[in-house]
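Numbered according to the numbering used here, the sequence shown spans residues 65 to 128.
Ideal placement from N, C-alpha and C gives every residue a C-beta, glycine not left out.
Quick caveat, the model's predicted, so the values are computed rather than measured.
Working notes for the structure below.
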Amino acid sequence: MFEIKLQETRVYREAKEEGLKQGREEAKLELIPRFLAYGISIEEVAQLLDLTIEQVEQVRLATE
Numbered sequence: 065m066f067e068i069k070l071q072e073t074r075v076y077r078e079a080k081e082e083g084l085k086q087g088r089e090e091a092k093l094e095l096i097p098r099f100l101a102y103g104i105s106i107e108e109v110a111q112l113l114d115l116t117i118e119q120v121e122q123v124r125l126a127t128e
């Protein structure tokens with residue numbers, strides 16, 4: 065009857081965008097220990113990754 069593909073639905077597009085957003089956030093969090101290991105300050109890491117200092121500090125403490 066109706067020929068609607070899954071990729072054309074609003075729900076699919078929103079879920080895909082949310083997944084991409086989550087993936088970007090996870091990638092940022094994975095970069096924090098590397099940046100800190102290179103001697104970049106917590107403040108600079110937060111600024112470079114567009115995160116709060118608290119977020120960077122939480123990851124730092126969790127990975128020690």
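My understanding is that residue i touches residue j, with C-beta atoms under 8 angstroms, so please give their C-beta distance in whole angstroms.
i, j, result
"isoleucine 96", "arginine 124", "7 angstroms"
"isoleucine 117", "glutamate 108", "Rounded, the Cβ-Cβ distance is 10 angstroms, inconsistent with contact."
By how many angstroms is the C-alpha of residue j removed from the C-alpha of residue i?
i, j, result
"leucine 115", "glycine 83", "19 angstroms"
"alanine 110", "glutamate 90", "14 angstroms"
"lysine 92", "glutamate 67", "39 angstroms"
"glutamine 122", "arginine 88", "18 angstroms"
"glutamate 72", "threonine 127", "41 angstroms"
"arginine 98", "tyrosine 76", "34 angstroms"
"glycine 103", "glutamine 119", "18 angstroms"
Which first and last residues belong to the alpha helix (DSSP H) in which residue i is found?
i, result
"glutamine 122", "117 to 126"
"glutamine 71", "Premise fails: glutamine 71 is in no alpha helix (DSSP H) and is neither H nor E."
Secondary structure, beta strand (DSSP E): runs of 3+ residues fully inside the stretch 73 to 111: none
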